[in-house]
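Chemist: The UniProt record's numbering puts the first residue of the sequence shown at 55, with every later residue one more than the last. All residues carry an ideal CB built from backbone N, CA and C; glycine is no exception.
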Amino acid sequence: KPIVVVKAEVQPINPEIRKTEAKVVDSVVLTELAKPLTAYCRCWRSGTFPLCDGSHVKHNKATGDNVGPLLLKKE
Ligand code: FES
């Protein structure tokens, strides 16, 4: 039986959510945050997971996907 290897970096991870947007980014404004802005990874490619390190840019370019981070912003 042949083994099928799928390279994760060439597969989109977002099949249907808000596909008309170039990049899906959501923000939450909070009053009790130590830093003014923290970005959490939603593409599962970050080298600093759970924080975003910008790896979604390479993933989106390679796959045609549109994933982006969740931004937590201090009010
Ligand atoms: Fe995953 Fe930015 S690295 S969303």
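(1) Inspect the beta-carbon positions of residue 122 and residue 96 and report whether they are closer than 8 Å.
(2) What residue range does the beta strand (DSSP E) around residue 93 cover?
(3) Taking the alpha carbon of residue 129 as the reference point, which residue from 90, 80 and 102 has its own alpha carbon closest?
(4) Quick one: grab the DSSP three-state call for residue 109.
(5) Which residues bound the beta strand (DSSP E) around residue 80?
Modeler: The answer reads as follows:
(1) Taking the sequence shown and counting its residues from 1, one reaches residue 122 at position 68. Taking the sequence shown and counting its residues from 1, one reaches residue 96 at position 42. Cβ atoms of residue 122 and residue 96: closer than 8 Å.
(2) Counting from 1 along the sequence shown, the entry for residue 93 is found at position 39. From DSSP, the beta strand (DSSP E) with residue 93 extends over 91-94.
(3) Here residue 129 refers to the residue found at position 75 when the sequence shown is read from its first residue. Nearest of 90, 80 and 102 to residue 129, Cα basis: 90.
(4) Taking the first residue of the sequence shown as position 1, residue 109 is located at position 55. Here residue 109 sits in helix by DSSP.
(5) By one-based count along the sequence shown, residue 80 stands at place 26. Run containing residue 80: 78-84, per the beta strand (DSSP E) assignment.
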